Each structure stands twice: as structure tokens, then as C-alpha cells.
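Sequence lines, in order, name chains A and B.
Per our numbering, residue 513 is the first one in the first sequence, and the count goes up by one each step.
Per our numbering, residue 975 is the first one in the second sequence, and the count goes up by one each step.
The C-beta atom is built at its ideal place from N, Cα and C for all residues, glycine as well.
From a predicted model like this one, the values you see are computed outputs, not experimental measurements.
These notes concern the structure reproduced below.
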Amino acid sequence: MIREERGAGEQTVEERASGRLAGTAIRDEFGLETLDMNMGPQHPAMHGLLRLILQLDGETVVRCDPVMGYLHRSKEKISENRMYPAVVPITDRIDYMNNIAMEYGYCMAVEDLLEAEIPPRADAIRALLNELGRIMSHIPSIGFLLLELGAFTPILYAFRERERIQDMFEAITGARMMFHYIRIGGVKSDLPEGMPERMWEYVESLEERLNPDFIDLIEGNEIFVARTRNVGKITQEKAVEMGLTGPPLRCTGVSYDVRRDYTYGWYKNLDFNVITDEAGDVEASYRVRIGEVRESIRMIKQILEALPEGEVMADLGRRIRPPEGDGFGRAESARGEYAVHVVSDGSDTPYRVHYRTPCTVNMQLLQEIVPGHYLPDIMPIMGLIDPVSGAWDK
Amino acid sequence: MPKLGQGILKGMGITLKHLFDKKVTRQYPDYKRPLPERSRGMLTVDMDRCIACLQCQRICPDHCISIEQEKRDIDGSGKPKPYAVGFVIDDSRCLYCGLCVEVCPVNCIYHTEEFEIQAYNRLELARQFGERPVDPTIDPKPTVKKKKPAKTAPKKDTTA
């Protein structure tokens, strides 16, 4: 089935997304044949529900159009119809791999509106859990990257770690994934008894395990190197131009981290490095993530050493009704810069809430860097971006 | 680039070492790990303590709690008090946020350790606690006051 109407380059994304040409061969003006193919939305290796319309020339991708929106749940609209405290469980469901940062950003935005003072202990606990959440998100994402390259073992080790962190989170917050722990004005409750010691013990043991179970297993492997080195190369200029944040930006050598550059909460008291790498490929993004896990461990230890005493919740009254105006909060999630803009009209419910999730922005990379790569290289590039379906669709 | 074969041998060594480690997996349906104290499972209501104040119904973000209230003389003092004749929790809507538990003044609604809920019919998930059934598909009255039309549009920070 050969169509000779128009060259594939002339079609709009909408035309291609309509599926009319899916699975058909197209001949361009030079008589060269390319094949349109759908990858997803249900794909075993895909990070959620994402459909890629690929134009293939043999095994090489000529064009890649991501189609998003399969997990759109209109989080922003739902947030407008709920009272301020009741939006927090909604934010949990945006990025379901790194929920705590999502809660953190929203609460910061509302606190900005209310001009609330947060007790120091609450700030410290927030930072503590945020870093724990980063480990909980980064380690499985390394595991997923390896799984997509065909290595099955690292994902098991990664989920062993995630499971242990989830157990701790369950003891602290009451839930394994949808925590609903950070509240407007502080955190829900203090850490349970013995938790700082348990956490310390865990991060110590994780530090010991990190080398044999992850770094030795992955970095020395020639298949990993062959599949990831120089794959998905991003230049610094392009990364900045596209507005990337998080590991995809830092792996190109740009040192930008919200925790340091727009410091918030307890992070101003901490001493940490922003991990960067020069290569800007999939391997570099892996190195950045492993480095960030190490930094998170360092930060957790620093917080636990100097955990302040006192209240964990500021007294903001029974009913939260901020004055007219707008509030802004930004946090560094595991995937990049997460920002929330809340506009209030003085009532119980927000007038407008906007979530800027890093995944939506970082997904532009697919269109830019996938063309020219082989079809099997798409999955490592997805591992570089490490998007979460709930976060890019909201 | 590492030498060919070296990385694989090393990896196999690590895997072999873990073969003799203690198992980390739990055989879930046979073994159920003890849940922590704060664990948020299915909700349950102690109807003897409920004072039908409707606070849980108001705070619930997903309207999963439906209460039918009636004035009834419970303690025989001749003074009718609010009484919950119908109390339904629709688990198909509940998002386990725990706001109702926090807001309850008499601690009559609380989380259990139960988390395995499944049913063939969506209505089976609506659990009845009161004497009378309440149709859980009907949303309770909107508790959030409707916004007045804003006279002036709220200021939006264009620089953000």
C-alpha cells in the first residue's frame, strides 16, 4: 500500500495523529520509502500511556511525534472545585513516583498566598521526606532504564530499595504512595518514635549497597556502555533553549537546581553539591541520577543530625481562606523543576491552579533528539527523560 | 569501553552472591506483613458514637460519605438531637486521604487495617452503616459556597 500524495514532511502532527496513515508506506519526492508506525499508547516498555508516531526509514527513525493526553484527568480543573486543603491529595496523583515533591510545591504556593510561617521542624521533615522521595524515584528509574535495555536484575534490586523506603513512608504518613502528609502550614504529624534511627540505619546500608548492587553491576557492563554512550546526545544550548530541567539538563553540564538557586525550606541550612556531567547522553543521565542519590543520602544524614525540636504545624485557623492575590511555589522534584501557581479570589476554593510539571517540558526532547537514532534507542532516550505519565498529562 | 566479557562476568558474580542472601520477597496472600499504626485502610464508622454533625461529609473531597440526618430523642431527655439514620461510605470514590478522620470531633470514623476491597458491582462498594440505605450515587448538596462573580478579575502575576 503505497501513497504518493504528499511527502511525509508536509503532514501536520494532527494529520499523523489521526491515524490515517499509520502502518502505511509513504514515498517522498525522491522516491524513497518510509514507514509510519505507532508505538504505544499501550507499550510494555513505555513509561505510562504515550503514543509515538514514528516515521521509519528502515531501522532509523526519521521523525517522531509524541501524542500525549491519554492519562489526562483535568487535575487543574478539579483543583478549582475543591477547598484548599482538599487539593493536596490531588497533587499526590500528578507524579506518582515522586509524590512528596508534588505536595510540597502546592503547599508552598498556598503558604506564599497566606504568608504563613512554617515551624522549623516541619521544614526539616519536609526536606527529609523530599530527599527520601528522590531516592525512591531515582533508583527505580535507573532500574527501568536497564530493564528496557534487556537487563532484568537491576529492577529487582531497585524495587527492593523502593519497597524499604515505602515501608518507612507508610510508617510515617500512613500510605505507601499517596501520602497526603505535607499540609498547608506544616506536616500532618510528627515522625513516629524510632523513625530517625531507622532512617539513618537505612541510608547507611543503602550507601553500602549502592556500589556492589548498582554501580558495579551497571557501569562496568559493556552492553550498557554500548547501548547508552553517545545515545540521545543533547547539547547545552539546546537543553537551555528547550527549557529542560532536572537530570536531562544537568547531564549536559548546566548546573541548575531549584534547591540551590531558588532555595526553599530547610535546604538553605544544608550543604550539598549539584551533580552535573558533561557528556549529555543517556549514560551521563544515569551518572547524574546515581550522584544525586548519593547527595540525597548526604542531605538526609545532615538533616537527621540536626533535626530541630518543636511544633510541626503552624496555626492557620480552621478554615483556610487566603486573601485575593496569587501565590507561587517551586520545588525540585526528581524529574526537574516543578512549580505551582495558585490564584485566589478570596473564597474557600482556588480561582485557578496551574501545575508546571517537568515531564511535560522535558518530553520535547523526543521530537528533537530521537530522529537519526535507531528504533531500539527510543527506550534508552525515554530513560534519559524518565517521564511519568500522570505528570505530563496532569 | 570495558573489556568484552568482563562486565558480564562481574555481573554474574554479583547475582551469584545474592543467590545465597536472605530472600526479600514476601509471599503476599499467604503472608501478610503487620501494618504500621498510621496505615490508612478502609474506613469504618462506630454508629453508637456518631453525633451526625456532618463534618466528614462536608470535608470529603470526593463526596464519598452520604449521611441522612433526622432529629430523634435518643437519650430520653425529651430534647431531640440530630441522629444519623443513614450513613453510607462509597469505597469506589474514597481516595483514602483521611480528612474525615481528622475532622471527626468524636473519633467515630476511623481507618481499619483492611485494604483488600473488590466487588463485581460498583454499588457493592457502597457500605451501609446506618439503619437505612442512602443512595450513594446522589451527590450531597454542594457544601462549597458558590463564588460570587468577581467584580474585578484577580490580579495575575504576569512575570511568574
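Q: Consider the Cβ of E682/A: report whether some Cβ of chain B lies at a distance smaller than 7 Å.
A: E682/A counts as touching chain B.
(Q) With a threshold of 7 Å between beta-carbons, can D889/A be considered close to chain B, or not? (A) With 7 Å as the cut-off, D889/A does not count as an interface residue toward chain B.
Q. For G979/B, is the classification buried or exposed, using 16 other Cβ atoms within 10 angstroms of its Cβ as the cut-off for buried?
A. Exposed, because fewer than 16 other Cβ atoms sit within 10 Å of the Cβ of G979/B.
**Q.** For P601/A and C1071/B, believed in contact at Cβ under 8 Å, the rounded distance
**A.** Confirmed, about 4 Å.
Q. Rounded to a whole number of angstroms, what is the C-alpha to C-alpha distance between V1062/B and G1015/B?
A. Roughly 17 Å separates the two Cα atoms.
**Q.** DSSP-derived helix/strand/coil call for D1065/B
**A.** Collapsing the DSSP output to three states places D1065/B in coil.
Q. So with Cβ pairs under 7 Å, would you call V923/B a contact of chain A?
A. Here chain B comprises residues numbered 975 to 1134, so residue 923/B is not present and cannot be evaluated.
Q) Exposed or buried, what is A751/A when buried is set at 16 or more other beta-carbons lying within 10 Å of its beta-carbon? A) With 16 or more other Cβ atoms within 10 Å, it is buried.
Q: Assign R710/A to one of three DSSP states: helix, strand, or coil.
A: In the displayed model, R710/A falls within a helix according to three-state DSSP.
Q: Measuring alpha carbon to alpha carbon, tell me which of F994/B, L1009/B and S1040/B ends up nearest L1028/B.
A: Selection F994/B, L1009/B and S1040/B evaluated against L1028/B yields S1040/B as nearest (Cα-Cα).
Q. In terms of residues, what are the limits of the alpha helix (DSSP H) holding F656/A?
A. It spans P632 to E660 - the alpha helix (DSSP H) in which F656/A sits, taken as one unbroken run.
Q.
List, in chain order, every chain B residue whose beta-carbon is nearer than 7 Å to that of M620/A.
A. In chain order: nothing, as chain B lies at least about 13 Å away.
**Q.** Cα-Cα separation between Q1102/B and L1009/B, rounded to whole angstroms
**A.** Rounded to the nearest whole angstrom, the C-alpha separation of Q1102/B and L1009/B is 25 Å.
Q.
Per the DSSP calculation, T685/A is bridged to which residue(s)?
A. DSSP lists no partner for T685/A.
Q: Return the residue from the list E627/A, K745/A, Y693/A and L657/A that minimises the CA-CA distance to M614/A.
A: The shortest CA-to-CA distance from M614/A to any of E627/A, K745/A, Y693/A and L657/A is the one to Y693/A.
Q.
What are the residues in the stretch 786–804 of chain A lying within 9 Å of chain B by C-beta distance?
A. Flagged: no residues at all.
Q | Completely contained alpha helix (DSSP H) runs for the stretch 734–765 of chain A, where each covers 4 or more residues | A | Runs of the alpha helix (DSSP H) inside the stretch 734–765 of chain A: 734–740, 748–754 and 759–762.
Q: Report all residues from its chain with a CB closer than 8 Å to the CB of D728/A; omit the five preceding and five following residues, and keep chain order.
A: For D728/A, where only same-chain residues beyond five positions count, there are no Cβ hits under 8 Å.
Q | Cβ contact (3+ pairs, closer than 8 Å) linking the stretch 643–653 of chain A and the stretch 602–613 of chain A | A | The count of Cβ pairs closer than 8 Å, one atom from the stretch 643–653 of chain A and one from the stretch 602–613 of chain A, reaches three, so the stretches are in contact.
Q) Just by C-beta distance, which residues in the stretch 715–727 of chain A are closer than 9 Å to chain B? A) Under the 9 Å Cβ criterion, the stretch 715–727 of chain A contributes P724 and D725.
Q) What residues of chain A sit near P1035/B, judged by a beta carbon separation below 7 Å? A) By Cβ distance, chain A contributes R594, A598 and P601.
Q. Mind checking K587/A: buried by the 16 CB within 10 Å criterion, or exposed?
A. By the neighbour-count rule (16 or more Cβ atoms within 10 Å), K587/A is buried.
Q | H584/A burial status per 10 Å Cβ neighbour count (16 or more: buried) | A | H584/A comes out exposed.
Q: Check whether the Cβ atoms of V743/A and D889/A sit closer than 7 Å, and answer yes or no.
A: Cβ atoms of V743/A and D889/A: closer than 7 Å.
(Q) Quick check on V998/B: buried or exposed, where buried means 16 or more other Cβ atoms within 10 Å of its Cβ? (A) It is exposed - the Cβ of V998/B has fewer than 16 other Cβ atoms within 10 Å.
Q) Would a check of beta-carbon distances place G902/A closer than 7 Å to chain B? A) Chain B, which has no Cβ nearer than 7 Å to the Cβ of G902/A, makes this no.
Q: Measuring only between beta-carbons, confirm whether G519/A sits less than 7 Å from chain B.
A: Confidence is the limiting factor: at G519/A the pLDDT is only 49, short of 50, which leaves the residue's position unreliable, though a coordinate-based value still follows. The beta carbon of G519/A sits no closer than 7 Å to any beta carbon of chain B.
Q: Given a cut-off of 7 Å, decide if C1074/B and C1136/B are closer than it, judged by their beta-carbon atoms.
A: Nothing about residue 1136/B can be read from this structure; chain B reaches only from 975 to 1134.
Q) How many Å lie between Y596/A and M894/A at the Cα? A) Distance from the CA atom of Y596/A to the CA atom of M894/A, rounded to whole angstroms, is 35 Å.
Q.
Less than 7 Å between C-beta atoms, sequence neighbours within five positions excluded: which residues of the same chain meet that for Y867/A?
A. Once the five neighbours on either side are set aside, the close Cβ partners of Y867/A are K587, E588, I606, V852 and K906.
Q.
Using a 10 Å radius around the Cβ and a threshold of 16 neighbouring Cβ atoms, would you call N593/A buried or exposed?
A. Counting C-beta atoms within 10 angstroms of its own C-beta, N593/A has fewer than 16 neighbours from the protein chains shown and is therefore classed as exposed.
Q | For I1091/B, three-class secondary structure by DSSP | A | Here I1091/B sits in coil by DSSP.
Q | Where N785/A sits in the DSSP three-state scheme | A | Reduced to three states, the DSSP call for N785/A is coil.
Q: Alpha carbon to alpha carbon, how far is I677/A from R566/A? Give it in angstroms, no decimals.
A: One detail in the question is off: residue 566/A reads as Leu in this sequence, not Arg. CA-CA distance, L566/A to I677/A, rounds to 38 Å.
Q | Neighbour-count burial assignment, I637/A, 16 or more Cβ in a 10 Å radius | A | So I637/A ends up on the buried side.
Q) For T1086/B versus T989/B, is the C-beta distance shorter than 7 Å? A) No.
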